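These notes concern the structure reproduced below.
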Amino acid sequence: MNTRIYKEKSRIIKAKSMIPPTFTSNSEDQTADLAQEFAKILGCGDVLCLHGEMGAGKTAFSRALIRSYLGYEAEVPSPTFTLVQLYEKNETAIWHFDLYRLNDPEDVFELGWEEALSSGITIVEWPARLGSLIPVSRYDISISIVNNDVRVFKIDKVCDHA
Ligand SMILES: Nc1ncnc2c1ncn2[C@@H]1O[C@H](COP(=O)(O)OP(=O)(O)O)[C@@H](O)[C@H]1O
Ligand SMILES: [Mg+2]
418 MNTRIYKEKS RIIKAKSMIP PTFTSNSEDQ TADLAQEFAK ILGCGDVLCL HGEMGAGKTA
478 FSRALIRSYL GYEAEVPSPT FTLVQLYEKN ETAIWHFDLY RLNDPEDVFE LGWEEALSSG
538 ITIVEWPARL GSLIPVSRYD ISISIVNNDV RVFKIDKVCD HA
C-alpha cells in the first residue's frame with residue numbers, strides 16, 4: 418500500500434479511538450486513564466504488545482486496562498511466574514501474558530496462545546520473547562521512564578498489509 422495512504426489511514430484509526438500516538442503520564446492514575454481508552458476499543462482478536470524496561474509500568478497499565486474492561490476491581494497479579502493470567506468476560510476473555518521467563522518462543526503455545534489470539538484480547542509484556550511469532554497485526558506500546566512518576570507512552574498500530 419502507498420505509504421501516504423497508509424499514514425492517512427492510521428491517523429484516522431487513531432482519531433476515531435481517541436488514542437494519541439504519544440501520551441505523557443505523570444502518575445499511575447494518568448496511566449489508568451490511557452488504559453481505559455484502550456479498554457473501550459479493544460475486541461476479540463486484538464493484540465497489545467507492551468515494550469519497556471522493568472518498572473516501566475507494563476503491569477500497571479495492564480491492570481488498569483483489565484479492570485476497566487471487566488468493570489470491577491478484579492485482583493490482577495503480575496504474571497511474572499505463571500506467565501499468563503486469564504480473565505473471563507462473556508465471550509471475549511482477556512489474556513495477560515508476561516513472557517520475561519519464556520525460554521523458547523515455541524513454549525508460548527503451551528500457555529494457550531492460539532486460543533488467546535483467536536478468541537480473546539491479548540496483552541503481552543516482554544513481546545520480544547516471541548521472536549518471529551509476534552503477531553503481524555497488533556498495537557505496539559513502548560513505555561519509557563522519564564523519572565519516578567513520569568512515563569512516556571508511544572503507541573503504534575501495526576497492520577498486516579501483505
Ligand atoms: N506514570 C506512571 N505510570 C505507571 N506506573 C508508574 C508511574 N509512575 C510511577 N509508576 C510506578 O512504576 C511501577 C511500575 O511497575 P510495573 O507496572 O510492575 O512495571 P513493569 O510491569 O513494566 O515491570 C509501579 O510501582 C508504579 O506505581
Ligand atoms: Mg510487569
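Residue numbers (this note's numbering): 418 to 579.
Ideal Cβ placement from N, Cα and C applies to all residues, glycine included.
Source: prediction; values computed, not measured.
Coarse secondary structure for residue i, derived from DSSP in three states
{"i": "residue 491", "result": "coil"}
{"i": "residue 561", "result": "strand"}
{"i": "residue 448", "result": "helix"}
{"i": "residue 463", "result": "coil"}
{"i": "residue 567", "result": "coil"}
{"i": "residue 540", "result": "strand"}
{"i": "residue 419", "result": "Summary for residue 419: the model assigns pLDDT 49, below 50, so the residue's position carries little reliability; its value from the coordinates is reported in the next sentence. Looking at residue 419 - three-state DSSP - the assignment turns out to be coil, as it is neither helix nor strand."}
Residue i - partner residues in DSSP beta bridges
{"i": "residue 458", "result": "Answer by DSSP bridge pairing: none, since residue 458 is not bridged."}
{"i": "residue 573", "result": "557"}
{"i": "residue 442", "result": "568"}
Check: residue i C-beta below 7 Å from any heavy atom of ligand 2
{"i": "residue 445", "result": "no"}
Whether residue i touches residue j by CB criterion (8 Å)
{"i": "residue 448", "j": "residue 569", "result": "no"}
{"i": "residue 521", "j": "residue 497", "result": "no"}
{"i": "residue 453", "j": "residue 485", "result": "yes"}
{"i": "residue 529", "j": "residue 543", "result": "no"}
Endpoints, beta strand (DSSP E) assigned at residue i
{"i": "residue 510", "result": "510-515"}
{"i": "residue 501", "result": "501-504"}
Heavy atom of ligand 1 within 7 Å of residue i beta-carbon
{"i": "residue 567", "result": "yes"}
{"i": "residue 475", "result": "yes"}
Alpha helix (DSSP H) segment containing residue i, residue limits
{"i": "residue 531", "result": "530-536"}
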